[in-house]
Structures are given as C-alpha cells and as structure tokens.
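Numbering (the working numbering), first residue to last: 197 to 758. The structure appears below as structure tokens.
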Amino acid sequence: MDLVHALLRKGVLRQDDLPALAEARKNAPMRPVHELVVERGLAKEEDVLPVLAEEFGMEVVDLTNAKVEPDVLKIMPSKLVHRRSLMPLRRENGALIVATGDPLDVYSLDELSTLTGLHVIPVLASSKEIARLIKTHFGVGGETVTALVAERADVEVLQEMEDDDSELARMAQEASVVKLVNEILIEAINERASDVHIEPQEHELRIRYRIDGLLQTQKLPPEIHRFQAAIISRLKIMARLNIAEKRLPQDGRIKMRVQNREVDVRVSIIPMTHGEGVVLRLLDKGRMVFNLANLGMMEDTYNLFRKMIDQPHGIILVTGPTGSGKSTTLYSALNEIKDETLKIITIEDPVEYHMEGISQIQVHPKIGLTFAAGLRAILRHDPDVVLIGEIRDLETAENAIQASLTGHLVFSTLHTNDAPSSFTRLIDMGVEPFLVGSTIEGVMAQRLVRAICPECKVEYEPDYDALPTDFPRPPGRFKLHKGLGCRACRQTGYRGRFGIFELMKTGDTIRELCVQRVNANVIRQQALKEGMITLRQDGWRKVLKGMTTIEEVARNTQGDIC
C-alpha cells in the first residue's frame, strides 16, 4: 500500500484507477503491485520505475545501450537468469551489479549471492529491457535448452534411437522440444520477422530472422546444436511432412495461433552439407491490412492506379523481385474494387491470404491444375475480375491476354526490374507484340524500403556533395531525417517498411513502340516523357518527406540514366 500511496502522491496513479487496481490484486494476490499497474495500463513502466526505486532506495538504470561484461555472464547461474529475470551487468569493487524488475524478490537475490559467493547489488530496470538483454546474451529458448541438457541422456538422443519406442521417452522428448520450437516461433513473430532461417553449421546451429527485409542472427545457447535433429523433426511433424525423409527437399505448411492471432507458416526443408536447412515464411494474418492507401503511394500514384483498376477490361501487371510486396499490392487492389456486383476469382501458388468475398484457387501442377489450365476453367465461371498469381510461361500469358480481350480485368505479376521491361519480357516469351500492346493497360514496378523509426527520428543537414547526382535537389538548403537507433527498432534506426512505386500507363505511343519490338529503354524514355516517375525518383520524394533515408533508396534502386 505504501507504493500505491507513493504513486498517487507522484501523480502516476489517479484515485479513479484504484477500483481497477483492487480488482487486479484480487485476481492475482501474489503478483507485485507495480507489475499489475503496468499490466492493466494504469501507468507506464518508465513512470512507475522511479517511484519504485525511491521507495526501495535503489538506482534506476537504462539498459537500452547497456554493455555487459563477458566475465559476469560465465558466473551467472542460468536458472536465475531465465526463471527470475535477473540480468548481471558488471563487477564493481568485488560486488556483482544485477538488474531486476522486481525489488521484492529478495529470495532470488540471496540465492544468487550464495551461488556466486559475491555480494549482490540490485539495480532497477525495465522488465522488457531485461528480457531483451537475456535473449541477446543467453539466447532465444535458453531456459528450455538448459532443461533439455539436464534431462537424461536417452531422451537427448531419442531421435536417432529408432528402436527406443517407450511411451515415456517419447513424451519427455516431445514436451521439451515442442516448447523450444514454440519459443523460436513466438520470438520471431514478436520481432515482426517475415522469415526464419534455421541453418545447420559444422559445429553449431544458426538461426536468423528476416526483419524489415534484412537477416539478423539470433543469439542462441551453444548447446542447441545437440537438438538440431529434434527441432527439425518437430517442424516436420507440425508441417505434416515425412520425418524419415532426409535426402530430398520437402515443402509444407503449418497453421497456428499465437497470442490470439492466426499465423500461417510455409515450411521449406532442403538437405544441406551439415544437415537439413529449414526456412519458415511467416504470414501473420492479424497484422495484415489490405488497404491500397496505406501501402506508401504518393497521391498522384494512388489516383492514377485507382483509375486503372476501375477499368472494365485489360491487363494490369505488378512487377518486382521476390519479397517486394507484389501480392500485398494486388490483394489491396482487389479489396479496393471488391463489390457485391463483381465476381472476382484468383488462381495462386500458394494462396497466401484468404479474403472474404473472393473465390481463390490453389494451383496443383502434379495433377494438371496449372495457372494456364486453371485460367481456362475460371473463364467458364463468368468472372468480372481475374487474378493470376504469376505469368510464368507462354500458355499462361496467352490465356491472360485472351481473358482481357473477352472483357475481363486481369491482374498478374511478372519478375522484371522495372515497368517498361514487362513488354519486352512478354514478347520474349512468344506473345505477339500487337497483343501485348493492345491489352496491357498499365504496369506497376515496386520495391520495399525501410521506414525511419518514429521513436528516434531526428533531422539533419545532409552533405550536399555526397548526394547521388540523379537526385533532383530542392532549391536552397534543406533538412533530411534519419533514425538514431533505440529499443523500439533494435538500434537499427528503422521500423516497418513501405513501397516505392514506378507506375507506367500504356499510352498510344507506347502501344506503337511495342508493336515495333523496340527495346525496353526506348519504351522507358517515352514513358518518362509522358510523366512516369521512376522507382528512384519516388524513393527520393519519400526521402524529402522524411519517410525513409538516402541509404535505403540507394540500396533498393539503380541510378536513373536519362
């Protein structure tokens, strides 16, 4: 109650908050008051910690950029690190400085002092920051790995002991490995990772998360290498794959629910030199919102694209490399035009997201259901709008063109570097140039760039001499923005991604050039004359608006040669 009075006195809590706090304490009488206050959203942790520190006569430390001495990590008992959330920081005059989020947990501090033989001085820190440091220095799933190492030897090597069929042994192994795999997946989802790479090395197991388009290696306990086979077998079970097959590539899918959110996981397993490599593509349905206005398009690009997708027939292509957000743009476009009066059918490989009000087909090449075959069948279902996941061959391209000529609006994707190259790509496939020119209404090329973290965003004046020469500069001196790095963005300065776009509308001159089989550069020059904004230019516009950085645009686009 003293803490509650102190929080009221400091203005951190209000009298109106007391009934909610009383209810929380009634439901969880053993939980510390300060945890309940933060958990119920009655106050922020950064406001509660100074009051808590004052009450207990402790120092508050910011662990955002904390450097931990390697020696103290070696002497720290792992069970206290994981179970009691105690993070050792340094040794000072023979004492061990330890960060804790709960000053009331005196028993754990005494136990630590007994086990290390050192005088322990606790300092107060954010529980979230302590958890982050523990994962950084002791690894994801560290507590589970510690428990696995402590188990009996027959459980540890069970995956290779095919003759050991005891029910007890199977259950003991499964419970621990299930927990470890779940921790890896939950950590990836919480960090907003799009992919998880599990890569066996000669003497270790490496796990990397792709966050905002870049791979980041995760700190892991060294002992996790011993459970490599068990982890991969568990993933195979979850994806309904053949556990015994270790020589051939396998693909599968996992459906799971994490923190009340549905997550689809696409699993790809390929045999490597030191074991099977696994890549998990995470599709977090709870975080996906298919809204065309939120993709990062500037107003002029959005208005032109919106007019294109309202046309009654023709082909609209979205191009770019794998992972550039093409599917998201197409889904958002369909969501924008979706209506009770329209019949929309898609054929995809795979169907990544299920959308209400739209009929979706999954291709199955092994039984003959290819893009081309599926498209022929779709046209007998009286659609108004058709989405083809990708135009990969001449047959699919010809069927798409035939669909557009018979009064359908067709959306699809191509793998080209820019918008003008789409015409030459289709012609190279074998499509007649006059058909390409007459059916394609527009092409959108896109890339994803990282957004500056809003929490640590600052202004700065650029080095004008170092700016890329193809970036048109505004008159006079100007300011740009960058992220300094903070806990919210994992010290990267970036958080989240959005698109940069190159939208080309097919005019009469471009149609004539296409019939003449000119190269992509000639079409590009004509498109620029007609007002097309390149990927590079669109990126630079967003740099000037403070949305991203020069480095991001330069990393994702080629220089414009005009």
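By construction, the Cβ of each residue, glycine as well, lies at the ideal position given by its N, Cα and C atoms. Bear in mind that the values here come from a model prediction, so they are computed numbers and not experimental data.
Of the residues assessed, Val392 falls on the buried side of the cut-off, its CB having 16 or more other CB atoms within 10 angstroms. Here the stretch 466-481 lies against the stretch 433-446, with 3 or more beta-carbon pairs under 8 Å apart. Residue pairing by DSSP puts Ile407 in a beta bridge opposite Ala389 and Leu410. Rounded to the nearest angstrom, the gap between the Cα atoms of Val316 and Ala224 is 29 Å. Where Val711 is concerned, the enclosing alpha helix (DSSP H) starts and stops at Asp704 to Val711.
Nearest in C-alpha terms to Thr310, of all of Val711, Leu276 and His421, is Leu276.
Within a 10 Å sphere around the beta-carbon of Tyr303 sit fewer than 16 other beta-carbons, which makes this residue exposed. For secondary structure counted as the beta strand (DSSP E) over 3 or more consecutive residues, the stretch 560-634 holds these complete runs in sequence order: 581-584 and 605-610. A Cβ-Cβ distance of about 5 Å is found for the pair Arg643 and Ser520, placing them in contact under the 8 Å criterion. Gly290 sits exposed, since fewer than 16 C-beta atoms from the chains shown fall within 10 Å of its C-beta. Taking every protein chain shown into account, the CB of His604 has 16 or more other CB atoms within 10 angstroms, so this residue is buried. Ranked by Cα distance from His399, the first of Tyr405, Thr413 and Pro418 is Pro418.
The closest CA to that of Val257, considering only Ala716, Glu325, Val639 and Gln712, is found on Glu325.
Runs of the alpha helix (DSSP H) lying entirely within the stretch 520-545 and spanning at least 4 residues, in chain order: 522-533. For Phe501, the enclosing alpha helix (DSSP H) covers residues Glu495 to Ile505. In the three-state reduction of the DSSP assignment, Glu748 falls in the helix class, which pools H, G and I. Per the coordinates, the alpha-carbon of Leu292 lies some 11 Å from the alpha-carbon of Glu265.
Minimum Cα-Cα distance from Arg406 among the listed residues Ile420, Leu416 and Ala389 corresponds to Ala389. Contact between Gly679 and Ile648 holds: CB atoms are separated by about 5 Å, below the 8 Å threshold. If you compare the alpha carbons of Leu305, Glu255, Glu288 and Asn261 with that of Pro273, the shortest gap goes to Leu305. Around Glu387, the same chain offers Tyr405 and Ile407 as residues with beta carbons nearer than 7 Å, after the five sequence neighbours per side are excluded. Beta-bridge partners assigned by DSSP to Pro318: Val294.
In the DSSP secondary-structure assignment, Ser429 is not bridged to any residue. DSSP, read as helix, strand or coil, puts Val475 in strand.
Three or more Cβ pairs closer than 8 Å define a contact, and the stretch 646-663 falls short of that threshold against the stretch 619-631. DSSP links Val256 through a beta bridge to Leu320. The stretch 678-696 and the stretch 609-617 do not touch, with fewer than 3 CB-CB distances between them shorter than 8 Å. Counting along the chain, the unbroken beta strand (DSSP E) around Tyr690 starts and ends at Tyr690 to Lys701. Excluding its 5 nearest sequence neighbours in each direction, Ala435 has C-beta neighbours in its own chain below 7 Å: Gly448, Arg449, Ile450 and Val463, listed in chain order. In the structure shown, the three-state DSSP call for Arg221 is helix. Here Leu416 is near Ile403, since their CB atoms are less than 8 Å apart. DSSP places Thr515 within a strand segment (E or B) once states are collapsed to three. In the displayed model, Gln558 falls within a strand according to three-state DSSP.
Pro668 sits in coil when the DSSP states are folded into three classes, being neither helix nor strand.
Note on geometry: alpha-carbon atoms of Thr518 and Ile584 lie some 16 Å from one another.
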